[in-house]
Each structure stands twice: as C-alpha cells, then as structure tokens.
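Each residue of the sequence shown is one higher than the last, beginning at 44 in our numbering.
Ideal Cβ positions, reconstructed from N, Cα and C, are used throughout, including at glycine.
Note that the structure is predicted; figures quoted are calculated from it, not measured.
Notes follow once the structure below has been shown.
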Amino acid sequence: MVVYLTAQQIRRVHHKMIEAIEDERHTCLHPGIRDNLLTSCLDRPRTEIYGYTPYPNIFLKAASLIECIIRTNALIKGTKRTGFLACDLFLEQNGYFIDPNASIKSFVLAIARNELELPAIADWLKSHALRK
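In structure tokens form, the structure reads like this:
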C-alpha cells in the first residue's frame with residue numbers, strides 16, 4: 044500500500060527548510076505556499092482514470108510529485124529544495140531513501156530547467172534509491 048504525503052507534511056517541511064536556510068524562525072509568518080498548486084501536486088501521484096494509473100510504480104509517483112512541485116512553482120521560495128525534500132519524504136514513507144552521495148543538486152536543477160522528462164526523473168530516482 045502506497046503512503047501519500049499530506050499538505051500539512053509539506054507545509055512543515057517547507058517551513059523548516061526556509062527557517063534553516065534563511066534563519067527566519069521568528070520572522071517567517073507565511074511560508075509562501077500556493078495552496079491550490081500544492082494540492083494539485085500532492086494529488087498527482089494518486090491519479091487514476093477509469094482504472095488506468097499513469098504512475099503505476101513508486102518511482103513514477105515520486106517523479107510526478109517532484110516534477111510538479113518544482114515546475115509549477117507551488118512555493119514562492121525554496122521550490123527546488125522543498126520539491127526534493129517532499130520526494131525524499133514520500134520515498135522514505137514507502138521504504139526507500141535517496142543515496143546522500145548522489146548528485147542531487149544537478150538532478151534538481153535539471154528538473155527545474157526542463158531537461159528531464161518524467162521517465163528520466165523516475166529512472167534517476169530508482170537508480171539512486173536505497174531500501175530502508
């Protein structure tokens with residue numbers, strides 16, 4: 044059974060990331076989240092159309108999540124970082140984690156620059172995922 048992320052989890056991850064990066068613990072009143080876009084991104088891995096599942100495995104689901112968060116700019120600041128953290132949390136909740144020695148920065152930047160299609164994102168995640 045696949046465990047999906049909630050908007051509350053992403054808000055918490057995003058806010059903590061902003062605090063850590065900008066040391067805004069006391070000044071960050073609004074984390075800069077476009078709720079409608081974030082909700083769409085969280086729903087994307089769950090997509091099913093008349094029994095057809097466009098993201099049939101955990102890595103395609105994770106790829107659809109990270110791609111959506113990064114490319115739709117669901118967050119005002121920290122889109123790439125939070126997109127990756129959300130993807131990593133999703134994989135962790137489903138029995139995997141990304142190898143910390145992987146070239147994460149170049150991967151995330153390639154997604155942001157539209158250099159990777161969804162299958163390539165899923166392949167990268169699969170090749171750098173380790174079982175918990």
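Range covered by the alpha helix (DSSP H) that runs through residue i
i, result
"residue 147", "147-155"
"residue 113", "101-115"
"residue 135", "122-136"
Nearest-angstrom Cα separation, counted from residue j out to residue i
i, j, result
"residue 68", "residue 62", "Because residue 68 carries a pLDDT of 49, less than 50, the predicted location of this residue cannot be relied on, and the following value inherits that uncertainty. The alpha-carbon atoms of residue 68 and residue 62 are separated by roughly 5 Å."
"residue 171", "residue 142", "6 Å"
"residue 90", "residue 64", "33 Å"
"residue 45", "residue 94", "16 Å"
"residue 118", "residue 127", "13 Å"
"residue 51", "residue 76", "11 Å"
"residue 101", "residue 85", "14 Å"
"residue 153", "residue 122", "13 Å"
"residue 53", "residue 155", "19 Å"
"residue 116", "residue 80", "8 Å"
"residue 174", "residue 138", "6 Å"
"residue 49", "residue 120", "19 Å"
Those residues which DSSP pairs with residue i across a bridge
i, result
"residue 95", "92"
"residue 47", "Answer by DSSP bridge pairing: none, since residue 47 is not bridged."
"residue 76", "118"
Where the beta strand (DSSP E) through residue i begins and ends
i, result
"residue 173", "172-174"
"residue 141", "139-141"
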